[in-house]
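Read the structure below first, then the notes.
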Amino acid sequence: MSPMPAQPISPLDGRYRAAVTELGDHLSEAGLNRARVQVEVEWLLYLTDHELFGAERLSAEQATALRAVVTDFGQPEIDQLATLEATTRHDVKAVEYLVRGKLSELGLDRVAELTHFACTSEDINNLSYAITIREAVHEVWLPKFRAVIAALRERAEAHRAVPMLAHTHGQPATPTTVGKEFAVFVYRLERILKQIEATEFLGKFSGATGTFSAHLVADPAQDWPAISEEFVTSLGLSWNPLTTQIESHDWQAELYQRVSHANRVLHNLATDVWTYISMGYFTQIPQAGATGSSTMPHKINPIRFENAEANLELSSALLDSLAATLVTSRLQRDLTDSTTQRNIGVALGHSLLALDNIQRGLGEISVDAARLSADLDGNWEILGEAIQTVIRAEVTAGRSTIEDPYALLKELTRGKRVGQQDLVAFIDGLEIGDAAKQRLRTLTPQTYIGVAPALVDRLDS
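According to our numbering, the sequence shown is numbered sequentially starting from 2.
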């Protein structure tokens, strides 16, 4: 058997690539290297703009040409870095040599020694990761997350008043509405959305052990912490003033925990929708040409929600691991974060794939109002809660002397099927006020939904 051509090991780079490809622009090795080049270039321009160490400011044209190394970063640079790293055996050193080569091509050899000036590799890496993670989250993951929330909100509003039998502990329970149940997820996810949107992306730029030692020896007259803060914030990041060789990754742990939390809420959504489909409350809209089962032609499997469920579990497992491990570094530095951070794209990729499946899945289901109504009609005993509660109120108001209303209704309804006529007859025989009797006589499982529709409206309050 002849060997196969090289194939991707991860399904994110194979079967599911179309759903996650945008993440690769940021969280791939190439995306990381482009950000590294960006940090190296911007640091060199900062030094020349401030004419440190006697360097002359670059002209606007020269600065534009140097920044074009970042904006035009592509396959030639990717290949060149691979060649350089094969010799250096050091990824950041390869980036430094690439930038030096570009300076030479632009006739800027006079400032070549300001490339990677006073930097440890982690100065470049931590800023590069912050940039790429920020862009991946804000430009790719968050838009898809917001789209899912918007799809849920749309269904919450459309079905705000559609009554549905609830099932606490899997048993028939006080009715709700379809829209209110969707609204619960909207509310939960929007809270997490605000937390993720508020994420602070930190960066350090303080040398080998976070002390600015080399900087100070090179020029004791400069306020290097102030320079560091100005440079880091110029990249759109928040400055971390107190670090070891590495930025402590606490902001990453916070972010991953929030995304993992979002994953778990979405997992809850996926399993609930799957269950409603199995109960017949939601029907799946057939997709042209699609096959549910290879042997049972009638089936439409809820594959979107099953796929989402699995990928959310994978994503959270990876994100939880990242959040737990990245906050620990031995003494001033170890390299465990070097390999773990390369899996950030994988962790977010599985979440992004799940979001895509949920969004698609929500567009492929409809509410079966007839099934919902039939289930409500078959469970009049759920009104026992309402009846015993009204009796309690009547007793308190002095209009009834019934003892232990709960026990009375428990005897009537627990484990039994009770129809409308049975309940009306029971209500007519109660010692309660006429107004209370009339409210209970007109109550049905379809109308016993409290203020559920109005609760949906609170999403905008």
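Using N, Cα and C, we set each Cβ at its ideal position, and we do this for glycine too. Here the structure is a predicted model, which is why all the values come from computation and not from measurement.
Problem set entry | Ser401 burial status per 10 Å Cβ neighbour count (16 or more: buried) | The residue you call residue 401 lines up with position 400 of the sequence shown. Under this definition Ser401 is a buried residue.
Problem set entry | Inter-residue CB distance, Ala157 and Ala184 (contact presumed, cutoff 8 Å) | The residue labelled residue 157 in the question sits at position 156 within the sequence shown. The residue labelled residue 184 in the question sits at position 183 within the sequence shown. In this structure Ala157 is in contact with Ala184, their Cβ atoms being roughly 4 Å apart against a cut-off of 8 Å.
For this session: Mind checking who Ala64 pairs with in its DSSP beta bridge?
Result: Start at 1 with the first residue of the sequence shown, and residue 64 comes out as number 63. According to DSSP, which records beta bridges pairwise, Ala64 is partnered with nothing at all.
Exercise. Considering only C-alpha positions, which residue in the set Leu270, Gln360, Ile403 and Asp251 is nearest to Val328?
Worked result: Numbered from 1 along the sequence shown, position 327 holds the residue referred to as residue 328. When Leu270, Gln360, Ile403 and Asp251 are compared, the shortest CA-CA separation from Val328 is found for Asp251.
Problem set entry | Closest Cα partner of Glu30 within the set Glu231, Thr121, Ala263 and Ala83 | As a working mapping, residue 30 is identified with position 29 in the sequence shown. Considering only alpha carbons, the answer is Ala83.
Exercise. Just checking my contact of Leu384 with Pro446 at CB under 8 Å: how many whole Å lie between their CB atoms?
Worked result: Indexing the sequence shown from 1 puts residue 384 at position 383. Indexing the sequence shown from 1 puts residue 446 at position 445. Yes, Leu384 and Pro446 are in contact; Cβ-Cβ is about 7 Å, under 8 Å.
Exercise. In three-state terms, what does DSSP make of Met165?
Worked result: Counting from 1 along the sequence shown, the entry for residue 165 is found at position 164. In the structure shown, Met165 sits in a strand (DSSP, three-state: E or B).
For this session: Could you please give the first and the last residue of the uninterrupted alpha helix (DSSP H) stretch that includes Thr178?
Result: Along the sequence shown, read from residue 1 onward, the residue named residue 178 stands at position 177. Where Thr178 is concerned, there is no enclosing alpha helix (DSSP H), although the beta strand (DSSP E) it sits in stretches over Gln172 to Thr178.
Problem set entry | Sequence-distant residues of the same chain with beta carbon closer than 8 Å to Ile193, five excluded per side | Walking along the sequence shown from the start, residue 193 turns up at place 192. The answer, listed in chain order, is Arg259, His262, Ala263 and Val266.
Exercise. In this structure, does DSSP put Val452 in helix, strand or coil?
Worked result: Reading the sequence shown from its first residue, position 451 is the one you call residue 452. Of the three classes helix, strand and coil, the one that applies to Val452 here is coil, per DSSP.
For this session: Kindly list the residues whose CB is nearer than 8 Å to the CB of Thr116, restricted to its own chain and excluding five residues on each side of it in sequence; keep chain order.
Result: Counted from its first residue, the sequence shown places residue 116 at position 115. The answer, listed in chain order, is Glu41, Leu45, Glu97, Val100, Arg101 and Leu104.
Problem set entry | Cβ-based burial, Gly208 [other Cβ within 10 Å; buried from 16] | To locate residue 208, count along the sequence shown from 1; it is residue 207. Classification for Gly208: buried.
Problem set entry | Extent of the continuous beta strand (DSSP E) run through Thr284 | Along the sequence shown, read from residue 1 onward, the residue named residue 284 stands at position 283. Counting along the chain, the beta strand (DSSP E) containing Thr284 begins and ends at Phe283 to Gln285.
For this session: For Gly350, collect the residues of the same chain with a Cβ closer than 7 Å to its Cβ; drop the 5 residues on either side in sequence, then sort them by chain order.
Result: Along the sequence shown, one-based indexing puts residue 350 at 349. Hits under 7 Å: Leu13, Val21 and Leu24.
Problem set entry | Length of the line joining the Cα atoms of Asp448 and Pro164 | Looking up residue 448 in the sequence shown gives position 447. Looking up residue 164 in the sequence shown gives position 163. For clarity, residue 448 is Thr in the given sequence; the question names Asp instead. In a straight line, the C-alpha of Thr448 is about 8 Å away from that of Pro164.
Exercise. Whole alpha helix (DSSP H) runs in the stretch 320 to 365 with 4 or more residues, listed along the chain?
Worked result: 337 to 341 and 345 to 363
Exercise. Do Thr49 and Ala56 come within 8 Å of each other at the CB atom, strictly closer than that value?
Worked result: Residue mapping note: residue 56 aligns to position 55 of the sequence shown, counting from 1. Residue mapping note: residue 49 aligns to position 48 of the sequence shown, counting from 1. Less than 8 Å separates the beta-carbon of Ala56 from that of Thr49.
Exercise. Going straight from the alpha carbon of Gln63 to that of Leu107, what length do you get?
Worked result: Taking the first residue of the sequence shown as 1, we reach residue 63 at position 62. Taking the first residue of the sequence shown as 1, we reach residue 107 at position 106. For Gln63 and Leu107, the distance between alpha carbons rounds to 8 Å.
Exercise. Roughly how many angstroms separate the alpha carbons of Pro6 and Arg18, rounded to a whole number?
Worked result: Numbered from 1 along the sequence shown, position 5 holds the residue referred to as residue 6. Numbered from 1 along the sequence shown, position 17 holds the residue referred to as residue 18. In a straight line, the C-alpha of Pro6 is about 18 Å away from that of Arg18.
For this session: Check whether the Cβ of Phe118 lies closer than 7 Å to any heavy atom of the ligand FAD, and answer yes or no.
Result: For the ligand FAD, the structure offers nothing, since it holds no ligand at all.
For this session: Go through its chain and collect everything with a Cβ distance to Gly281's Cβ below 7 Å, but skip five positions before and after it.
Result: In the sequence shown, residue 281 corresponds to position 280, counting from 1. For Gly281, where only same-chain residues beyond five positions count, the Cβ hits under 7 Å are Asp369 and Arg372.
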